[in-house]
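Counting from 1 along the sequence shown, just add 12 to a position and that's the residue number in my numbering.
Glycine included, C-beta positions come from ideal geometry on N, C-alpha and C.
Below is one structure, written out as structure tokens; the observations come after it.
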Amino acid sequence: MGEDALNGIAELSNVAAAASADEVVLAREAHDMATACELPVVGPAPCLNMVRATTAGHELHRFPYDEELLARSPEGWASVAPDWKLDPPPQPGGELVPPIQVAVNSAFTPLELNHLEPFGVTVVLMEEQGYSVRLTEASAR
């Protein structure tokens, strides 16, 4: 939580940077992000926030919802379903929470990898930082 979550989210951009991505899409739940990163909630909550970014800029999409309680376990765990509200129009250049802004900025900063398999190097770099990474066959192509 806190600083570790901030760093982990920002470092996710390593995969995009290693692949020389020309577009990234990041999605997060507003309250979960704020809790994990120990940040204030920005915008509506609960809300699924999605940013689509290219080197030319980004566009923030917000999908607010209410939580409909479906059931509660004997231990107190709640099972909920989203009741989607009307979503506002996309916000070109909309304000991003700090870890997402860092991830977007870093995603398009080329990594200097002197290796034939940039994904493989990225996996090694991330594993050295303590992450568990598994690539699927689709990402190996």
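CB contact flag (residue i, residue j, <8 Å)
i, j, result
"Phe75", "Trp96", "yes"
"Ala22", "Val109", "no"
"Glu35", "Thr66", "yes"
"Ala17", "Cys59", "no"
Spatial neighbours of residue i in its chain, beta-carbon cut-off 6 Å, leaving aside the 5 residues before and after
i, result
"Val27", "Thr134"
"Arg153", "Here Arg153 scores only 49 on pLDDT, less than 50, and its place in the model should not be relied on; the value that follows carries that caveat. No residues qualify anywhere along the chain."
Cut-off 8 Å between Cβ atoms - residues of its own chain near residue i, not counting five sequence neighbours on either side
i, result
"Glu170", "Only positions 13 to 153 of the chain appear in this structure, which leaves residue 170 out of reach."
"Ala46", "Pro52, Val53, Val54, Ala57 and Val109"
7 Å Cβ shell around residue i - same chain, five flanking residues per side excluded
i, result
"Gly20", "none"
"Ser118", "Ala22, Ser25 and Ala29"
"Val145", "Val135, Met138 and Glu139"
Rounded Cβ spacing between residue i and residue j (contact assumed at less than 8 Å)
i, j, result
"Met62", "Val92", "Actually they are not in contact, since the Cβ atoms of Met62 and Val92 sit about 20 Å apart, beyond 8 Å."
ask   = Which ranges would you report for the beta strand (DSSP E) in the segment 82–106 if only whole runs of at least 3 residues count?
value = Taking 3 residues as the minimum length, the beta strand (DSSP E) runs contained wholly in the segment 82–106 are 90–96, in order along the chain.
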